Amino acid sequence: MKFSLLFQNDTVAFLPELFLAISILVILLHGSFLGLSAAALYTYLTPSMTRLTSIILFISVFLVVNNPIESQTLWNSIFITDHLSIWLKLFVVLGLLVCVSVSEAYMFSVRLRAFEFFFFIISICLSLCLLISSYDLLSIYLNMEFMSLIFYVLATWKKNSYFSAEAGLKYFILGSVASVFFLFGASLIYFSMGTTNLGSLSLLTENIAGCSPLFYLGLICLISALLFKLGSAPYHMWIADVYEGAPTIVSLIFASVPKLAIFVVVLRLVYTSFWCLFPVFWEDFFCLCGLFSLFIGCVCGLGETKIKRLLAFSSVGHVGFLCLGLASGSVEGIQSVLFYLLIYMLTALFLWIYALHLDLTSDNSFLTFSDVIGLVRSSPVYGLGIVLMIFSLAGVPPLGGFFAKLNIFVGVIDSSYYIVALLAVLTSAISAFYYLRLIKIFYFEKAENWFYFAPLTKGAASCVVIIGWIVIFFMLSPNLFYLLTYKIAIGLMI
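Shown next as structure tokens:
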């Protein structure tokens with residue numbers, strides 16, 4: 123009885139994660155029992171699995187929002203619950219709900235009859251929620267590996283595709299190296315400080331005068347492993363090949379959702395555990411990584427003719443902006459990072475839903491620019507929405523992407539990094555070229571043949587309309603997003 127009372131708050135705070143863990147077993151049993159009859163009758167199990175997974179994620183949204191425990195460490199300070207974790211879990215669950223809503227038609231088209239895909243979706247949601255709440259280097263490592271192992275399997279989901287096997291193998295090998303670096307860095311920090319708890323590390327490093335070289339090496343290994351998972355330069359080698367070779371629905375998940383959880387870990391490490399090292403270490407480190415990512419993103423994207431690779435290099439550039447936001451070292455810097463993450467997730471979901479739609483109608487193995495010719499003539503409203511999202515990624519006012527980049531620039535200039543801000547503006551202007559090239563193809567290229575574009579499914583159309591309305595609402599009243607991200611940022615700094 124005393125033991126149950128001791129961990130009562132811990133259990134109540136972890137109700138979303140416990141519900142997701144039980145739901146994994148429910149989906150596994152549901153698919154196992156009905157899979158045999160579905161295969162015998164030559165029917166698809168996907169519709170019922172889609173509905174069941176959507177219900178589970180929808181219930182998870184209510185459990186996350188109605189969490190009664192605020193700002194408390196859990197399970198012997200291995201996990202934490204605060205405003206940052208609650209809101210980011212909400213964004214993760216909603217992002218995965220969008221991915222599930224658009225997956226049914228794609229799986230039917232490419233003849234993926236395996237119900238395990240939805241089992242992996244719930245597992246990804248559980249791993250990301252645990253990663254967001256992690257407050258110890260060991261729990262961060264275990265949950266990051268839990269997430270990575272699922273991604274390795276999903277990258278090779280097309281069993282009859284050599285490119286999918288290549289993508290999964292590259293991701294597995296390079297991801298394993300990144301995991302080794304993280305574990306090595308954690309061991310060096312434990313050797314230097316005697317603990318792996320983020321709260322204890324913040325107390326130990328609060329008034330520290332100087333640190334050993336092994337301590338700095340451990341920090342570099344930790345952040346390098348996390349930046350690899352984000353696809354930041356110079357750790358970006360895998361991202362274009364994996365996005366291109368993996369199934370499009372898997373690339374949609376890769377591009378939109380995991381960045382939120384990994385950036386929470388980076389924020390906790392930089393702004394909570396090792397805040398005292400900001401003037402001497404973090405500013406220069408993130409400025410270099412941010413500028414390098416911007417340069418790689420704008421230069422490598424110029425010569426691309428494949429849509430998925432172009433979106434991959436575009437994500438490298440956007441991670442560069444996020445790194446610059448981290449370098450500012452203020453509450454406004456955290457707010458700009460969270461605001462950029464929110465806007466980028468929405469626009470990435472919109473554009474990857476479009477890539478998923480193209481994959482359903484294209485006969486090519488890889489989506490190229492020629493596949494988008496004729497979209498505006500066949501669906502003018504949808505084409506206009508895609509153009510607006512591309513303009514948002516390019517940073518054209520008054521769309522959300524412009525204000526997201528503006529916040530980053532303001533934070534960098536407030537930190538007196540004028541040359542960094544100038545270089546960021548130049549690389550952003552260069553990267554706008556390949557966005558404008560897509561719009562030129564939409565409106566001004568004439569096709570010899572008439573291209574047929576299948577209509578959007580109900581799930582995809584609903585997600586596209588909701589995301590479009592959110593962007594339009596932001597244009598009309600942006601204060602809600604600013605206040606939300608500022609509240610989350612203050613919750614992290616307190």
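Residue 575 in this note's numbering sits at position 453 of the sequence shown; the count goes up by one each step and never skips. Note that beta-carbon positions come from the ideal geometry of N, C-alpha and C, so glycine has one too. Computed from a predicted model, the values in this text were never measured in an experiment.
Pairwise C-alpha distance: residue j and residue i
i, j, result
"A449", "Y338", "17 Å"
"E426", "L137", "45 Å"
"L446", "V148", "43 Å"
"N188", "L260", "28 Å"
"W474", "Q194", "37 Å"
"E366", "T203", "36 Å"
"A162", "S145", "Low per-residue confidence applies at A162: pLDDT is 49, beneath 50, and the placement is therefore not dependable enough to give any value."
"N601", "V534", "22 Å"
"F273", "P369", "12 Å"
"T278", "V364", "9 Å"
"Y393", "I177", "36 Å"
"M269", "G353", "15 Å"
"L444", "L271", "25 Å"
"V134", "L185", "10 Å"
"K94", "I208", "The shown model of the chain, from 123 to 616, leaves out residue 94, and the question about it has no answer."
"P577", "Y466", "25 Å"
"S591", "F513", "A quick correction: the sequence has Trp, not Ser, at residue 591. The alpha-carbon atoms of W591 and F513 are separated by roughly 16 Å."
"F400", "G451", "7 Å"
"R431", "V542", "27 Å"
"G307", "S346", "9 Å"
"K609", "I429", "36 Å"
"F435", "C422", "7 Å"
"V224", "C333", "50 Å"
"L614", "V387", "11 Å"
Bridge partners - residue i, DSSP secondary structure assignment
i, result
"L196", "F201"
"D258", "N319"
Nearest neighbour of residue i, chosen from the options [CA to CA]
i, options, result
"L264", "S314, T370, F304, G316", "F304"
"K280", "G307, F242, L210, V372", "V372"
"F385", "I254, L310, A277, S301", "I254"
"N319", "S346, V232, L196", "L196"
"G412", "L471, A546, T317", "A546"
"V459", "A477, Y476, F603, T549", "F603"
"S500", "H205, S514, L480", "L480"
"D258", "S286, F596, L344, S538", "L344"
"V379", "L250, H152, P335", "L250"
"S256", "G340, S395, C420", "S395"
"Y312", "S324, G340, F285, E288", "G340"
"T607", "L206, N198, G153", "L206"
"S324", "V275, V586, S283, L391", "L391"
"A470", "S437, E454, A227, I191", "S437"
"S309", "F294, Y284, F285, L336", "L336"
For residue i, the first and last residue of its enclosing alpha helix (DSSP H)
i, result
"V402", "Per DSSP, V402 belongs to no alpha helix (DSSP H) and is neither H nor E."
"M511", "502-516"
"D449", "Note on residue identity: the sequence assigns Ala, not Asp, to residue 449. From DSSP, the alpha helix (DSSP H) with A449 extends over 429-449."
"W591", "580-598"
"I561", "540-566"
"Y228", "225-231"
"S182", "168-187"
"S346", "335-352"
"F524", "522-536"
"Y365", "361-367"
"V379", "Careful: V379 lies outside any alpha helix (DSSP H) and carries neither H nor E."
Pair within 8 Å by beta-carbon distance, residue i and residue j
i, j, result
"Y557", "A516", "yes"
"V215", "I243", "no"
"I530", "Y462", "yes"
"S415", "A355", "yes"
"L389", "L248", "no"
"M171", "F240", "yes"
"G439", "S322", "no"
"V509", "F564", "yes"
"F376", "A300", "no"
"T175", "M229", "no"
"N213", "L382", "Just to set this straight, residue 213 is Phe in the shown sequence, not Asn. Contact: yes."
"F555", "L433", "no"
"T327", "C409", "no"
"T549", "F407", "no"
"L521", "V593", "yes"
"A287", "V453", "no"
"L179", "L151", "no"
Residue-chain proximity (residue i, chain B), Cβ-Cβ < 8 Å
i, result
"S458", "Protein chains in the displayed structure number just one, and chain B is not present."
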